[in-house]
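Enquirer: This note's numbering runs 1408 ahead of the 1-based position in the sequence shown. Quick reminder that beta carbons are idealized off the backbone N, C-alpha and C, glycines included.
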Amino acid sequence: MKKRIALVIGNSNYYNSPLKNPINDSNDITDVLTQLGFEVEKHLDITHIEMETTFIRFIKNIKDCEASLVYFAGHGLQIKGENYLAPVDIEATDEVTAISTSYNINDYLRKISNFREKTNIIILDACRNNPFINTIRGPVSNGFAPFKEAPIGTFISYSTSPDSLAGDGKKEDSNGLYTGILKECIKIPNIIIEETFKLVRSELSRISGGNQISWEHSSLIGDFYFSVIEHTDFELAQEDVYQFITERSDFYKNKNLSIYDTECLPIVDAYFKYQKPIIEIMRLYSRESYSRINQKFTDNELDFINMGYLSSWGFEYKEHRWYYGDQYVKMGDPLPLPERLLEKEPIEGKELIVELSPKGYMRDSNIFFRINTNLPNKTKLMFTLYTRDNKYRAQCKTDVIDGAILTEGFSYKGNQLEDGMYLLSLSSPLTDLQPENVKTQFGVSGRNLMGKFVRYGALGGKSVRGEWTVIKSKELVEIY
């Protein structure tokens, strides 16, 4: 890797308006950048003179490196559309004094404009509040102004949108909101810098409830990666993939995410880390996962199972591309199902078009159901009665007897169910779990079953499924 240098500045102990986290932020970012191969020069709580001389020295060193990075955590302000970093000894009595005792980051951009062939990154975790806005006479604004003339080869990130304020973190946090997320995201290997900061922005928006949105300006020509890990097919072991996804899952479980994000974001992280299609990553993960509980599936079966999970969790196929949220991913091609799992036509002359005709009635304060059917005697079935919010849910098992299916009585802890709407579902287990006479009529994997009450699943074959809406009103039970 060619030489990469970084200047990290963290100012917390301002004379008039101290901040809690910039020193912690700078120490943590220094550690991460060092791990990623940067030669880091770090300064904490520096004065105006120290800041000016530090930037002069750093600019001289840029000519001998491939990439440079400036990170600043502390107070920042904009005056007349120019952006200034505040040293700890800033004098903010008036506009002229504030300008002359702070560092103009726009001027830094002008000075590095000759280094177009390099990558120059600027990360500004400032504007946590503006304590000077009420003390400086003149046009002083909250937040930073957008950089209108950033030179080619530059990537600039604000911790918040232009003209907005950033959070200094919660009382219990050791980092500002932005840097707490940034230090984790830049460690994810094999993703370009634009994607890294898109992940930062997404997580920051979620944690702040949409109140803080980070912002970037890029005039990069080539791609820049904070971390690159080379992988071959041989190196991509299923145990490594399993371990990585497990660790990322543990990380996201503590973030109060939706169940879908908790499941999917570790997979997206693995996609960026290994640079392999999602379906291949999931195949490796699932092999290892199932082997640990002594279950075994073919790769074809794993692809079928995983595609079902991924689609239900929120991966979407839109405009001929796969996405999770607004993040584009390469899904890859699932393996075709093996011949034995493909849906088979019924054996001619043995078709069974399933008929189910339900009725409900009250008896002894309980709801009972009777369904007339042409299913064979002893067919095993499961009934479930529930409300949409699942505050009530009850089940009973039963068999077909002489063309009828009779349920047990449904109640609520022995008391009559409240009036209202309920949902009733009926299902049969796998054909292999049915009695011999039923298996014979159903056929292998239920192939002979037909009609609107039949569902097909690649791993279980055909089964009986019925769903109805139940309305209870006093002693009346109606089914639709």
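Just to confirm my understanding: we take GLN1824, look at its own chain, exclude 5 residues before and 5 after, and list those with CB closer than 7 Å. What are they?
Expert: In the sequence shown, the residue the question calls residue 1824 occupies position 416. Once the five neighbours on either side are set aside, the close Cβ partners of GLN1824 are SER1773.
Enquirer: Can you find at least 3 beta carbon pairs, one from the region 1411 to 1418 and one from the region 1446 to 1460, that sit closer than 8 Å?
Expert: yes
Enquirer: Note down, in chain order, each residue of its chain lying with its Cβ closer than 7 Å to the Cβ of GLU1816, except the 5 sequence neighbours on either side.
Expert: Along the sequence shown, read from residue 1 onward, the residue named residue 1816 stands at position 408. Taken in chain order, the residues that qualify are CYS1804.
Enquirer: If you draw a straight line from the C-alpha of THR1706 to the C-alpha of GLU1751, how long is it?
Expert: Taking the sequence shown and counting its residues from 1, one reaches residue 1706 at position 298. Taking the sequence shown and counting its residues from 1, one reaches residue 1751 at position 343. Taking the straight line joining both Cα atoms gives about 18 Å.
Enquirer: In this structure, how does DSSP classify MET1715 when only helix, strand and coil are distinguished?
Expert: In the sequence shown, the residue the question calls residue 1715 occupies position 307. MET1715 falls in the helix class under three-state DSSP.
Enquirer: When you compare the region 1608 to 1621 with the region 1454 to 1471, are there three or more beta-carbon pairs, one atom per stretch, that lie closer than 8 Å?
Expert: no
Enquirer: Answer yes if the region 1428 to 1446 comes into contact with the region 1581 to 1593, meaning at least three C-beta pairs across the two stretches below 8 Å, and no otherwise.
Expert: yes
Enquirer: Does the count of Cβ pairs from the region 1844 to 1857 and the region 1729 to 1740 closer than 8 Å reach three?
Expert: No, they do not touch.
Enquirer: Looking only at its chain, what residues have a beta carbon closer than 8 Å to the beta carbon of ALA1812, apart from the 5 residues adjacent to it on each side?
Expert: As a first step, residue 1812 must be located in the sequence shown, where it is residue number 404. Answer for ALA1812: ARG1778, ILE1779, ASN1780 and THR1781, listed in chain order.
Enquirer: I need the straight-line Cα distance from LEU1710 to PHE1850, nearest angstrom please.
Expert: Sequence index remark: in the sequence shown, residue 1710 carries index 302 (1-based). Sequence index remark: in the sequence shown, residue 1850 carries index 442 (1-based). For LEU1710 and PHE1850, the distance between alpha carbons rounds to 26 Å.
Enquirer: Less than 8 Å between the C-beta atoms of HIS1456 and SER1420, yes or no?
Expert: As a first step, residue 1456 must be located in the sequence shown, where it is residue number 48. As a first step, residue 1420 must be located in the sequence shown, where it is residue number 12. Their beta carbons are not under 8 Å apart, which means HIS1456 does not touch SER1420 by this criterion.
Enquirer: Within its chain, find whatever has a CB closer than 8 Å to the CB of TYR1668; leave out the 5 residues flanking it on each side and keep chain order.
Expert: Position 260 of the sequence shown, counting from 1, holds the residue named residue 1668. Counting only Cβ-Cβ distances below 8 Å, and skipping sequence neighbours, we find TRP1721 and GLY1722.
Enquirer: Could you tell me whether the region 1788 to 1795 touches the region 1753 to 1763, where touching means 3 or more Cβ pairs closer than 8 Å?
Expert: no
Enquirer: Just list the alpha helix (DSSP H) runs in the region 1501 to 1527, keeping only unbroken ones of 4 residues or longer that don't cross its boundaries, in chain order.
Expert: 1503 to 1508 and 1513 to 1519
Enquirer: Check MET1690 in the structure and name its three-state DSSP category.
Expert: What you label residue 1690 is simply residue 282 of the sequence shown in a count that begins at 1. In this structure, MET1690 counts as helix in the three-state DSSP scheme.
Enquirer: Going by Cα to Cα distance, which pick from ILE1470, ASN1491 and SER1610 is closest to GLU1557?
Expert: What you label residue 1557 is simply residue 149 of the sequence shown in a count that begins at 1. It is ASN1491 whose Cα lies nearest to the Cα of GLU1557.
Enquirer: Here's the rule: buried if 16 or more other CB atoms are within 10 angstroms of the residue's CB, otherwise exposed. What is TYR1566?
Expert: By one-based count along the sequence shown, residue 1566 stands at place 158. With 16 or more Cβ atoms within 10 Å of its Cβ, TYR1566 is classed as buried.
Enquirer: Within 8 Å, do at least three Cβ pairs link the region 1659 to 1667 to the region 1624 to 1634?
Expert: Segments in contact, no.
Enquirer: Going along the chain, which residues of its own chain have a beta-carbon closer than 6 Å to the beta-carbon of MET1690, five neighbours each way excluded?
Expert: Start at 1 with the first residue of the sequence shown, and residue 1690 comes out as number 282. Cβ contact annotation for MET1690 (same chain, cutoff 6 Å, sequence separation greater than five): ASN1714, in chain order.
Enquirer: LYS1786 and VAL1808 - do their beta-carbons sit closer together than 8 Å?
Expert: As a position in the sequence shown, residue 1808 is number 400, starting the count at 1. As a position in the sequence shown, residue 1786 is number 378, starting the count at 1. Result yes, Cβ atoms of VAL1808 and LYS1786 sit closer than 8 Å.
Enquirer: Look at the alpha carbon of GLU1503 and the alpha carbon of LEU1517, and state the distance between them as a whole number of angstroms.
Expert: Your numbering for residue 1503 matches position 95 in the sequence shown. Your numbering for residue 1517 matches position 109 in the sequence shown. In a straight line, the C-alpha of GLU1503 is about 22 Å away from that of LEU1517.
Enquirer: Using only CA atoms, which one of ALA1506, LEU1692 and TYR1682 lies nearest to TYR1650?
Expert: Residue mapping note: residue 1650 aligns to position 242 of the sequence shown, counting from 1. Out of ALA1506, LEU1692 and TYR1682, LEU1692 has the C-alpha closest to the C-alpha of TYR1650.
Enquirer: Quick check: ILE1599 and PHE1680, are their CB atoms within less than 8 Å of each other?
Expert: As a first step, residue 1599 is located in the sequence shown; it is residue number 191 there, counting from the start. As a first step, residue 1680 is located in the sequence shown; it is residue number 272 there, counting from the start. The answer is yes: Cβ separation under 8 Å.
Enquirer: Mind checking LYS1411: buried by the 16 CB within 10 Å criterion, or exposed?
Expert: Looking up residue 1411 in the sequence shown gives position 3. When all chains shown are included, LYS1411 counts as exposed.
Enquirer: Using the beta-carbon count (16 or more within 10 Å), is GLN1443 buried or exposed?
Expert: Start at 1 with the first residue of the sequence shown, and residue 1443 comes out as number 35. GLN1443 is exposed by the Cβ-count criterion.
Enquirer: State yes or no: is the C-beta of ASN1714 nearer than 7 Å to some heavy atom of the ligand ZN?
Expert: No copy of the ligand ZN occurs in the structure displayed, which carries no ligand at all.
Enquirer: From THR1670 to ARG1863, what does the alpha carbon distance come to, in whole angstroms?
Expert: Indexing the sequence shown from 1 puts residue 1670 at position 262. Indexing the sequence shown from 1 puts residue 1863 at position 455. Whole-angstrom Cα-Cα distance: 30 Å.
Enquirer: Any idea if MET1459 is buried or exposed, counting beta-carbon neighbours within 10 angstroms, 16 or more meaning buried?
Expert: Position 51 of the sequence shown, counted from the first residue, corresponds to residue 1459. Burial call: buried.
Enquirer: Rounded to whole angstroms, what's the CA-CA distance from ASP1677 to ILE1596? Just pull it up for me.
Expert: Here residue 1677 refers to the residue found at position 269 when the sequence shown is read from its first residue. Here residue 1596 refers to the residue found at position 188 when the sequence shown is read from its first residue. Cα to Cα, ASP1677 sits roughly 7 Å from ILE1596.
Enquirer: So the alpha helix (DSSP H) LYS1556 belongs to, where does it begin and stop?
Expert: As a first step, residue 1556 must be located in the sequence shown, where it is residue number 148. Looking at the DSSP string, LYS1556 is not in any alpha helix (DSSP H), and its letter there is neither H nor E.
Enquirer: Helix, strand or coil for GLN1824, going by three-state DSSP, please let me know.
Expert: Here residue 1824 corresponds to residue number 416 of the sequence shown, with the count starting at 1. Three-state DSSP puts GLN1824 in coil, outside helix and strand.
Enquirer: So the candidates are PRO1674, ILE1520 and SER1835; which of them puts its Cα closest to the Cα of LEU1607?
Expert: Indexing the sequence shown from 1 puts residue 1607 at position 199. Taking only the C-alpha atoms, the option nearest LEU1607 is PRO1674.
Enquirer: For my contact list, LEU1834 and VAL1878 are in at a C-beta cut-off of 8 Å; report their separation, rounded to the angstrom.
Expert: Counted from its first residue, the sequence shown places residue 1834 at position 426. Counted from its first residue, the sequence shown places residue 1878 at position 470. Going by Cβ atoms, the distance from LEU1834 to VAL1878 rounds to 12 Å, so no, they are not a contact pair.
Enquirer: Measuring only the C-alpha atoms, how far is ASN1583 from LYS1428?
Expert: By one-based count along the sequence shown, residue 1583 stands at place 175. By one-based count along the sequence shown, residue 1428 stands at place 20. Computed Cα separation, rounded: 8 Å.
Enquirer: Helix, strand or coil for ILE1675? Go by DSSP, reduced to three states.
Expert: Looking up residue 1675 in the sequence shown gives position 267. For ILE1675, the secondary structure class from DSSP, reduced to helix, strand or coil, is helix.
Enquirer: Restricting to Cα atoms, I'd like to know which of GLU1447, ILE1470, PHE1480 and ARG1796 is closest to ASN1432.
Expert: By 1-based counting over the sequence shown, the position of residue 1432 is 24. Of the candidates GLU1447, ILE1470, PHE1480 and ARG1796, the one whose C-alpha sits nearest the C-alpha of ASN1432 is PHE1480.
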